[in-house]
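Only one structure is covered here, and it is reproduced in the block below.
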Amino acid sequence: MKIRQIQQVLIALLVVSLLAACGGDATPTSAPADSGGSAEPTSSSGQAAPSGEPIPIGVAVAQTSNVSLFGQEQVTGAKIAEQYFNDNGGVNGRPIKLIFQDTAGDEAGAINAFQTLINQDKVVAIVGPTLSQQAFSADPIAVQNKVPVVGPSNTAGGIPQIGEYVSRVSAPVSAVAPNAIRYALDQNPDIKKVAVLYAQNDAFSKSETVVFQRAVTDTYKLELAPVQTFQTTDTDFTTQATAVLNEKPDLVIISGLATDGGNLVKQLRELGYTGPIIGGNGFNTTNIFPVCQRFCDGIILAQAYSYQQESEINQAFRKAYKDAQGKEPPQFSAQAFAGVQVIVEALRKLGDLSSMALEQTREQLNQQILAGTYETPLGQLSFTPEGDINQSTFYVAVIKMNDSGTDGTFEFVK
Ligand code: 1QQ
Numbered sequence: 007m008k009i010r011q012i013q014q015v016l017i018a019l020l021v022v023s024l025l026a027a028c029g030g031d032a033t034p035t036s037a038p039a040d041s042g043g044s045a046e047p048t049s050s051s052g053q054a055a056p057s058g059e060p061i062p063i064g065v066a067v068a069q070t071s072n073v074s075l076f077g078q079e080q081v082t083g084a085k086i087a088e089q090y091f092n093d094n095g096g097v098n099g100r101p102i103k104l105i106f107q108d109t110a111g112d113e114a115g116a117i118n119a120f121q122t123l124i125n126q127d128k129v130v131a132i133v134g135p136t137l138s139q140q141a142f143s144a145d146p147i148a149v150q151n152k153v154p155v156v157g158p159s160n161t162a163g164g165i166p167q168i169g170e171y172v173s174r175v176s177a178p179v180s181a182v183a184p185n186a187i188r189y190a191l192d193q194n195p196d197i198k199k200v201a202v203l204y205a206q207n208d209a210f211s212k213s214e215t216v217v218f219q220r221a222v223t224d225t226y227k228l229e230l231a232p233v234q235t236f237q238t239t240d241t242d243f244t245t246q247a248t249a250v251l252n253e254k255p256d257l258v259i260i261s262g263l264a265t266d267g268g269n270l271v272k273q274l275r276e277l278g279y280t281g282p283i284i285g286g287n288g289f290n291t292t293n294i295f296p297v298c299q300r301f302c303d304g305i306i307l308a309q310a311y312s313y314q315q316e317s318e319i320n321q322a323f324r325k326a327y328k329d330a331q332g333k334e335p336p337q338f339s340a341q342a343f344a345g346v347q348v349i350v351e352a353l354r355k356l357g358d359l360s361s362m363a364l365e366q367t368r369e370q371l372n373q374q375i376l377a378g379t380y381e382t383p384l385g386q387l388s389f390t391p392e393g394d395i396n397q398s399t400f401y402v403a404v405i406k407m408n409d410s411g412t413d414g415t416f417e418f419v420k
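Position in the sequence shown (from 1) plus 6 gives the number in my numbering.
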């Protein structure tokens, strides 16, 4: 007995001293001031490849959970940007290195990812998170730590107002959503009664539905049926779909995320609704096709990106995406590319980073991000002093599914 206790104490002491020797001291403060990234050798595949210590940029998006239906597209877009900008000289000759931390689909995951990127990975800025619902919890951490955060897909009202270090390349629901209603009414001038449904546990959906409802009642003076709510975690929408059908609406508008939104469309159609459907920004992914299958056909949605955009950078982005994925790039990939782009182009303006402390780099980087004008795959963009995006062109697409309902495309109609 006694001998075993002594053995346990000795083992514990050994573990403690080993831990101290490996990690204890090698943490934050002694990292090089401007980088902190791991001292990985630069990949030097290209001839004129940038060299030196890579500049770490954080990407905190949903790589797991239902929210990864969007997050996967964001990872792809961000990686294309990393390759593209490193192939084009990096940041004044130094490469960038994206550091991915999975946020999963909730607030806690986003907070964890932000903390790891800020304190452990020592990134200069963060692109993320995926949902507005997550941004309202995680962005304040970036603000407190004075780390620039560029929202790649946060469209709810109030995001840039979270704080000084928050900007976004995703146009707000107030700018994008009304385009879908305008198109639907152009196509169907006889619409009189509109049914609206939204996910009440999601900040973006709550914000977007307000825009839709105001357009219905105030802008177009149409009749609004009693509004139906659901949760993003719901799978059975019989109650809401039945209530909608009883109202006999001429148009249905849904604000939710891809899985719940797609299932809601499917169940509405199965119960017999045949009229037009508008989906909000949560429908803006081809990953919704397997959810509503043939019932996705005809869904109208407004977009902040079109792969047909003619700029040189969009054609480069489109080609890289198509070469890798075999299809046209979606909005969330383009926005993630733009998020990385504004950080890279703002870093280039800072000059020699090696003489700057990390805190100084982050602070000056934020000022440069807000001051710049960028030619991105989304078109030209800049920021308001608060960090909201100035973007002038929006699009409307209609989902076209193939006959078997296994695959589809976003067909641009405006
Ligand atoms: C938000 C959104 C979502 C649809 C992004 C995936 O617009 O959360 O703001």
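Note that CB positions come from ideal geometry on N, CA and C, so glycine has one too.
Practice task
In angstroms with no decimal places, state the Cα-to-Cα distance between A183 and E59.
Solution key: Answer to the nearest angstrom: the Cα atoms are 43 Å apart.
Exercise for the section: Assign D329 to one of two classes, buried (16 or more other C-beta atoms within 10 Å of its C-beta) or exposed (fewer than that). Expected result: With fewer than 16 other Cβ atoms within 10 Å, it is exposed.
Practice task
Measure the Cβ-Cβ separation of A66 and A119 and say whether it is below 7 Å.
Solution key: In contact: A66 and A119 (Cβ atoms closer than 7 Å).
Handout entry: Proximal residues to A247 (C-beta, below 6 Å), its chain only, five neighbours per side dropped
Key = Counting only Cβ-Cβ distances below 6 Å, and skipping sequence neighbours, we find Q273, L274 and L277.
Exercise for the section: Take R324 and list the residues in its own chain whose beta-carbon comes closer than 6 Å to its own, dropping the five residues that flank it on each side. Expected result: Contacts found: Y313 and P335.
Problem - Rounded separation between A84 and K254 - CA only - result: Spanning the alpha carbons of A84 and K254 requires a straight line of approximately 44 Å.
Problem - Cβ pair V404, E417 closer than 7 Å - result: Their beta carbons are under 7 Å apart, which means V404 touches E417 by this criterion.
Practice task
Take the Cβ of N320 as the centre, count every other Cβ of all protein chains shown within 10 Å, and call the residue buried at 16 or more, exposed below.
Solution key: That one is buried.
Handout entry: Selected residue, minimal CA-CA separation from E113, among T367, G134, V200 and Q370
Key = Distances from the alpha-carbon of E113 to those of T367, G134, V200 and Q370 put G134 closest.
Exercise for the section: Indicate, with yes or no, if the ligand 1QQ has a heavy atom lying under 6 Å from the CB of A137. Expected result: The identity of residue 137 in the sequence shown is Leu, whereas the question assumes Ala. Result yes, Cβ under 6 Å from the ligand 1QQ.
Exercise for the section: Reducing DSSP to helix, strand and coil, say where S388 ends up. Expected result: When DSSP states are grouped into helix, strand and coil, S388 belongs to the strand group.
Practice task
Put A119 into one of helix, strand or coil per three-state DSSP.
Solution key: If DSSP states are grouped into helix, strand and coil, A119 belongs with the helices.
Practice task
Check G52 in the structure and name its three-state DSSP category.
Solution key: Residue placement at G52 is flagged as unreliable, the pLDDT there being 45, under the threshold of 50; the coordinate-derived value follows with that caveat. Looking at G52 - three-state DSSP - the assignment turns out to be coil, as it is neither helix nor strand.
Handout entry: Where the beta strand (DSSP E) containing Y401 begins and where it ends
Key = Y401 to M407 is the extent of the beta strand (DSSP E) around Y401.
Handout entry: Length of the line joining the Cα atoms of S74 and Q80
Key = Between the alpha carbons of S74 and Q80 lies a distance of about 9 Å.
Practice task
State the start and end residues of the unbroken beta strand (DSSP E) segment that holds T215.
Solution key: No beta strand (DSSP E) contains T215, which is instead part of the alpha helix (DSSP H) from A209 to R220.
Handout entry: Reduced DSSP secondary structure (H/G/I, E/B, other) of A249
Key = For A249, the three-state secondary structure derived from DSSP is helix.
Problem - A352 to V172 span [Cα, whole Å] - result: For A352 and V172, the distance between alpha carbons rounds to 15 Å.
Practice task
Assign D196 to buried or exposed, taking buried as 16 or more other Cβ atoms, counted over all protein chains shown, within 10 Å of its Cβ.
Solution key: D196 is exposed by the Cβ-count criterion.
Practice task
Output the distance between the C-alpha atoms of R188 and G357, rounded to the nearest integer angstrom.
Solution key: The alpha-carbon separation between R188 and G357 amounts to approximately 46 Å.
Exercise for the section: Excluding the 5 residues preceding and the 5 following I105 in the sequence, name in chain order all residues of the same chain whose CB lies nearer than 8 Å to its CB. Expected result: The residues are G43, P62, I63, G64, V65, L123, D127 and V129.
Exercise for the section: Would you mind working out which of S57, T82, A68 and Q69 sits nearest F343, comparing C-alpha positions? Expected result: Closest by alpha carbon: T82.
Exercise for the section: Compute the Euclidean distance between the alpha carbons of G262 and D208, then round it to the nearest angstrom. Expected result: Looking at the two C-alpha atoms, the distance is approximately 8 Å.
Problem - Assigned secondary structure, P236 (DSSP; H/G/I helix, E/B strand, else coil) - result: In the sequence as presented, Pro is not what sits at residue 236; that position holds Phe. F236 falls in the strand class under three-state DSSP.
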